[in-house]
Ligand SMILES: Cc1cc2nc3c(=O)[nH]c(=O)nc-3n(C[C@H](O)[C@H](O)[C@H](O)COP(=O)(O)OP(=O)(O)OC[C@H]3O[C@@H](n4cnc5c(N)ncnc54)[C@H](O)[C@@H]3O)c2cc1C
């Protein structure tokens, strides 16, 4: 069968791209191998899909090419997506830090995207396994014109399809149980497109046994911190959660992406008293013979305060500690460094860091500069958002941009 556009992957980016390309009059085929469409959208944002953020800019993304995402985000912005869902009757609310969630179920978004595809007569190969993709040397279809040659042949277990534009939207490697595969990276390799080595991101961090032995009894305790993935990385003021295997919570997930990006690995840094000067606390407490644990317990969970003071051997009253020891304690509280032993991997990651090297793509169209007709969109590309709706916004923006040119 001959199509104008074949899109591999009916996730956020693929569905959005398919609907908009078909609305432009392109004959579009969506290929999806998973039984359930939009599974990642369904489970996102605790079932309410944090579909974008009020404030989105290139600084909210990690990439080897940090300004690449700017063009797509400007061409199709968060305001555009908000207008899109509002005009389609989906109610939403802001939770925190500009993060927008559906009032109802996340499946409202999936249903809307599927409905848009159906209305625009997108065709489906679903469920279908991609077996092999071939580049067609010359225009071989009778329907093709010299300006619109069929360039790619996609062999699947449900048939063979030819197309002018091939859009790879098959996502990253996070949560393999809901359909993640490395097909996007394999196709990039096949077509000579460089790939930045993928790794799990927005992922809980594991700790070495000696640190874990001390912290494990505190599993379930959470506290507000400022976290950094390496010394000069962006700082995130959110919650830290102690787990049985290490550290999690939004502050750690955010820092984890930067920790993964930095080579060689550097310790993460935690400010355990965000916005508070420990010297002021120590001065006030010295007169009333309080220990560091007692002072800290007024600003963080008592169990954590006690464990932290114990780890560092701060047991005596503050008034009996030397100036140097107090100075050191203040330093540690504002810059507590921990070296993770690793991450909990793709099974627990929200996204994949790395992917298709954006230096091989046009930022205006998402097309591979050296392979006319080949596009990469969404998470498969080396553009990784912070936690907070930025990853879906990248899927919408990159999908929309490709839809205008494929
Ligand atoms: C638990 C969880 C919660 C999340 N919550 C949020 C959130 O609230 N806000 C946010 O911004 N981001 C969130 N994310 C990240 C967000 O879901 C992704 O960044 C986004 O879905 C990426 O869109 P995509 O279309 O590029 O990839 P995907 O949505 O992953 O879609 C890729 C599609 O390709 C299909 N596919 C893969 N391989 C093949 C193949 N070989 N053949 C055919 N089809 C294939 C997959 O089955 C899938 O349907 C969350 C992620 C997880 C795991």
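In the numbering used here, the protein residues as written are 1253 to 1658.
We put the beta carbon where it would ideally sit given N, CA and C, even for glycine.
Computed from a prediction, not measured in an experiment: that's the story for all the values here.
Spatial distance of residue 1575 from residue 1315 (CA atoms): For residue 1575 and residue 1315, the distance between alpha carbons rounds to 44 Å.
Opening and closing residue of the alpha helix (DSSP H) in which residue 1579 lies: It spans 1575-1586 - the alpha helix (DSSP H) in which residue 1579 sits, taken as one unbroken run.
Residue 1562 and residue 1305: beta carbons closer than 8 Å? no
With DSSP as the reference, please indicate the residues paired to residue 1351 in a beta bridge. 1305
Below 8 Å CB to CB, which residues in the same chain sit around residue 1312 once its five sequence neighbours on both sides are set aside? 1305, 1637, 1638, 1640, 1642
Closest by CA to residue 1253, which one among 1592, 1263, 1410? 1410
Following the continuous alpha helix (DSSP H) through residue 1556, name the residue where it begins and the one where it ends. 1554-1563
Three-way DSSP call (helix, strand, coil) for residue 1437 in this model: helix
Touch test, the stretch 1613-1629 against the stretch 1449-1469, Cβ-Cβ under 8 Å, three pairs minimum: no
Residue 1615, DSSP secondary structure in three states: coil
CB-CB length for residue 1298 against residue 1284, believed under 8 Å: Actually they are not in contact, since the Cβ atoms of residue 1298 and residue 1284 sit about 24 Å apart, beyond 8 Å.
Starting from the N-terminal side, write out each stretch of the beta strand (DSSP E) that is 3 residues or longer and does not extend beyond the stretch 1482-1557. 1487-1494, 1498-1500, 1520-1523
Take the Cβ of residue 1288 as the centre, count every other Cβ of all protein chains shown within 10 Å, and call the residue buried at 16 or more, exposed below. Exposed.
Is residue 1346 helix, strand or coil when you go by DSSP? The three-state secondary structure of residue 1346, taken from DSSP, is strand.
Which term fits residue 1256, buried or exposed, when burial requires 16 or more other beta carbons within 10 angstroms of its beta carbon? buried
Residue 1465 classed as buried or exposed, judged by whether at least 16 other C-beta atoms fall within 10 angstroms: exposed
Pairwise C-alpha distance: residue 1469 and residue 1528: 26 Å
Answer with buried or exposed for residue 1540, where buried requires no fewer than 16 other C-beta atoms within 10 angstroms of its C-beta. exposed
Out of 1627, 1263, 1657, state which residue places its alpha-carbon closest to the alpha-carbon of residue 1660. It is not possible to answer for residue 1660, since the shown part of the chain is limited to 1253 through 1658.
For a test of the three-state rule: what should DSSP assign to residue 1445, helix, strand or coil? coil
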